[in-house]
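Enquirer:
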Amino acid sequence: MKRTLLLLLSLLWAPLGLAAFDHGHAAWDVLLKRHVVVSASGSASTVRYAALKADRAQLRSYLEALSAVTEGEYRGWTKPEQLAFLINAYNAFTVELILGRYPDLASIKDLGSVLQSPWRKKFFRLLGESQHLDGIEHDLIRAPGAFDDPRIHFAVVCASIGCPMLRNEAFTPGRLDAQLDDGLSRFLSDPARNRFEADSGTLKVSRIFDWYRQDFERGQKGFDTLQAVFARHADQLAGTAEARASIRAGRYRLEFLPYDWALNDAR
169 MKRTLLLLLS
179 LLWAPLGLAA
189 FDHGHAAWDV
199 LLKRHVVVSA
209 SGSASTVRYA
219 ALKADRAQLR
229 SYLEALSAVT
239 EGEYRGWTKP
249 EQLAFLINAY
259 NAFTVELILG
269 RYPDLASIKD
279 LGSVLQSPWR
289 KKFFRLLGES
299 QHLDGIEHDL
309 IRAPGAFDDP
319 RIHFAVVCAS
329 IGCPMLRNEA
339 FTPGRLDAQL
349 DDGLSRFLSD
359 PARNRFEADS
369 GTLKVSRIFD
379 WYRQDFERGQ
389 KGFDTLQAVF
399 ARHADQLAGT
409 AEARASIRAG
419 RYRLEFLPYD
429 WALNDAR
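Per my numbering, the very first residue in the sequence shown carries number 169; after that it's consecutive.
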């Protein structure tokens, strides 16, 4: 009798398990595959916002699933599950923010004002709280001891040309580490945002490395200096053996490039 009761309970609970949060982020993955255009080099991407706007109901359904997650549920997840959730949430809510004004904007900065940046607008709920994009990135992802991973700067995307590419796939817990490594490599492979100029001996890199220098100097993920980041990725930054040797040896003048805030629109 007891075994029969347990079996019946397990059958009743099975549908609840199926209804649990989808850590494969399948709904978001479908939208990314449909609307993100990856460059021929594989190091940059743009978004078909006009077409994505037609799929806004699907996007909002995914956002509702994100907002439905409670803090208690979130705390019961593994670290990779948590980080994949937060990165996807940042990127998906950023797209939703853009669609709210599209096509009448040239940059995400157009959504801000003198009194408030677009990243401080509370326009969604997450983990039971009214939240903004800065809250996800700085309070949840970058909080000391939370994840301690500087590679996130090449995963969260602020809808701008100067940002790392928005991947045409969702971040998932099982592949997260490889996806973060790949994001950094792809970003450093893009000469529009990072390049070594042999004639002047200058390594010109994205201003992201200036803004978040401290995140790369804490010994996290094997990085304790910016030089260590560039040395490890010399193959992506330079096309000749001589130039790569210069980068690995630290023989260069470092310069931060202007940031391109133009919308990453595929139109």
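The beta carbon of each residue, even a glycine, is placed where N, CA and C say it ideally should be.
Please read these numbers as outputs of a predicted model, since none were measured by experiment.
Whole-angstrom Cβ separation of Val204 and Asn259, contact assumed at under 8 angstroms?
Expert: The Cβ separation is near 10 angstroms, so there is no contact.
Enquirer: Quick one: what does DSSP say Asp278 is sitting in, helix, strand or coil?
Expert: In the structure shown, Asp278 sits in a helix (DSSP, three-state: H, G or I).
Enquirer: What's the gap between the Cα of Ala188 and the Cα of Leu425?
Expert: Their Cα atoms are separated by approximately 44 angstroms.
Enquirer: Do you know offhand how far Ala338's Cα is from Lys277's?
Expert: Approximately 25 angstroms between the Cα atoms of the pair.
Enquirer: Taking only the alpha-carbon atoms, compute the straight-line gap between Leu227 and Phe391 and give it to the nearest angstrom.
Expert: About 36 angstroms.
Enquirer: Quick one: what's got a C-beta closer than 7 angstroms to Leu184's C-beta in the same chain, skipping five residues either side?
Expert: At Leu184 the pLDDT is 44, less than 50, meaning the model places this residue with poor confidence; the figure from the coordinates comes in the next sentence. There are no such residues.
Enquirer: Who are Arg363's beta bridge partners in DSSP?
Expert: Answer is Lys372.
Enquirer: Alpha carbon to alpha carbon, how far is Leu234 from Glu297? Give it in angstroms, no decimals.
Expert: C-alpha separation (whole angstroms): 12 angstroms.
Enquirer: With distances taken from CA atoms, which of Asp358, Gly342, Arg243, Trp429 is nearest His193?
Expert: Among Asp358, Gly342, Arg243, Trp429, the Cα nearest to that of His193 belongs to Gly342.
Enquirer: Is the stretch 196–212 touching the stretch 352–360 in the sense that three or more CB pairs, one from each, lie closer than 8 angstroms?
Expert: These segments touch.
Enquirer: So, with DSSP's three-state summary, where would you put Leu348?
Expert: In the structure shown, Leu348 sits in a helix (DSSP, three-state: H, G or I).
Enquirer: Applying the 10 Å Cβ sphere with the 16-neighbour rule, what's the burial state of Gly303?
Expert: The residue is buried, with at least 16 neighbouring Cβ atoms inside 10 Å.
Enquirer: Exposed or buried, which one is Ala346 when buried takes at least 16 other CB atoms within 10 Å?
Expert: Label assigned to Ala346: exposed.
Enquirer: To test your reading of the DSSP string, which unbroken beta strand (DSSP E) runs of 3 or more residues are found completely within the stretch 205–238?
Expert: Entirely contained in the stretch 205–238, the beta strand (DSSP E) runs reaching 3 residues are, in chain order, 213–215.
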